[in-house]
Amino acid sequence: MVENGKDELIERLRQKGLPAKKVLESQVLSDEVALLNFENDDAFFAAIGDQRIDAVAIVERMSKRMRDGVQPDQLSVSALGSNVGASPQRNGVHIEGMPDVMVRLSRCCTPVPDDEIMGFVTKGRGVTVHRADCANAASLFTQDSARLVEVEWSSESSGAVFIAAVEIVALDRSRLLRDVANALSDEHVNIVACTTHTGADRVAKMRFEFEFADPSHLQSVLRMIKRIDGVFDANRVMPGNPHDQELADETVN
């Protein structure tokens, strides 16, 4: 399988007009092997040979990095980190030709299924997925477009867990925070973060982040929150909120 896979990759490289021998001896190949979490080149070629990974998609990524003039230290093995033997996160995201790469959903824009998404190779953490309209994703693309990879939501998302951030505007009152937390608990979501601020006008602005498994559940949660006494409005937090800048920092490196 090793030789079969190597031969197929060479053929695909030549079809693309790329110097196969030079590519196979370059850092570009090493980067691809590391990105897909293979122990060595032979394991990588064997995976191509038995069609566990797609040679066409691999060559497309290699070609893009070479077109964009990526230097060896811009996407090196050390930059990608060592995830040998690691399993991909079960988060409902599919990356063509990269079945075993680690995937993270960005905390700055908290993408969920049906959002348009894009992926970026991150240092030591595989691929981070952002909403396509995320300002931080646009900044990453401007800084280094060679790190961009195509991603899509998988039809098989069993076991996936997503995070959503919601902002709640309400008239401040006794036990408001407790009532909101109880409502979320009744909806069987797991609260992971909460902030609240009350202005001089006694209007409270609350932000909750919570985990949930069923994407269709989000609207039900928002409807339940809006029924709470004193709540004026509740909406999902979308990209562009300055509050999220500190969460973006972890995706840049």
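So for the sequence shown, our numbering puts the first residue at 400; every next one is plus one.
Note that the Cβ used here is the ideal one computed from N, Cα and C, for glycine as well.
Note that the coordinates shown come from a computational prediction; the quantities given were computed from them, not determined experimentally.
Residue of the options minimising C-alpha distance to residue i
i, options, result
"residue 509", "554, 560, 553, 597", "560"
"residue 600", "572, 611, 589", "572"
"residue 511", "628, 590, 614", "614"
"residue 402", "426, 414, 413, 449", "449"
"residue 430", "418, 567, 624, 546", "546"
"residue 612", "588, 625, 603, 618", "588"
"residue 586", "602, 610, 603, 593", "610"
"residue 416", "438, 618, 462, 541", "462"
"residue 466", "422, 432, 602", "422"
Segment limits, alpha helix (DSSP H) that includes residue i
i, result
"residue 610", "Where residue 610 is concerned, there is no enclosing alpha helix (DSSP H), although the beta strand (DSSP E) it sits in stretches over 602-611."
"residue 662", "In the structure as shown, the chain starts at 400 and stops at 652, and residue 662 therefore has no counterpart that could be examined."
"residue 448", "440-448"
"residue 582", "575-585"
"residue 401", "401-414"
"residue 517", "Element bounds for residue 517: not the alpha helix (DSSP H) but the beta strand (DSSP E), 516-520."
Assumed close pair residue i, residue j - CB separation to whole angstroms, cut-off 8 angstroms
i, j, result
"residue 548", "residue 451", "Residue 548 to residue 451, Cβ: 18 angstroms. No contact."
"residue 525", "residue 550", "Not quite, the Cβ-Cβ distance comes to about 11 angstroms (not below 8 angstroms), so this is no contact."
"residue 629", "residue 575", "6 angstroms"
"residue 411", "residue 458", "4 angstroms"
Limits of the unbroken beta strand (DSSP E) element including residue i
i, result
"residue 541", "Where residue 541 is concerned, there is no enclosing beta strand (DSSP E), although the alpha helix (DSSP H) it sits in stretches over 534-542."
"residue 563", "561-570"
"residue 526", "526-530"
"residue 624", "Here residue 624 belongs to no beta strand (DSSP E); instead the alpha helix (DSSP H) covers 616-625."
Whole-angstrom distance between residue j and residue i, CA atom to CA atom
i, j, result
"residue 420", "residue 405", "11 angstroms"
"residue 563", "residue 554", "20 angstroms"
"residue 583", "residue 620", "7 angstroms"
"residue 570", "residue 637", "23 angstroms"
"residue 413", "residue 428", "15 angstroms"
"residue 528", "residue 435", "16 angstroms"
"residue 486", "residue 568", "With a pLDDT of only 38 at residue 486, under the threshold of 50, the placement of this residue in the model should not be trusted, and no figure is reported."
"residue 552", "residue 424", "34 angstroms"
"residue 400", "residue 517", "32 angstroms"
"residue 633", "residue 490", "25 angstroms"
"residue 578", "residue 591", "17 angstroms"
"residue 623", "residue 581", "11 angstroms"
"residue 544", "residue 521", "12 angstroms"
"residue 440", "residue 616", "43 angstroms"
"residue 426", "residue 504", "27 angstroms"
"residue 445", "residue 515", "33 angstroms"
"residue 593", "residue 607", "5 angstroms"
"residue 602", "residue 626", "17 angstroms"
Cβ-Cβ distance between residue i and residue j below 7 angstroms
i, j, result
"residue 605", "residue 595", "yes"
"residue 454", "residue 407", "yes"
"residue 565", "residue 635", "yes"
Near the ligand HEM: residue i beta-carbon under 6 angstroms from a heavy atom
i, result
"residue 601", "You won't find the ligand HEM in this model; it holds no ligand whatsoever."
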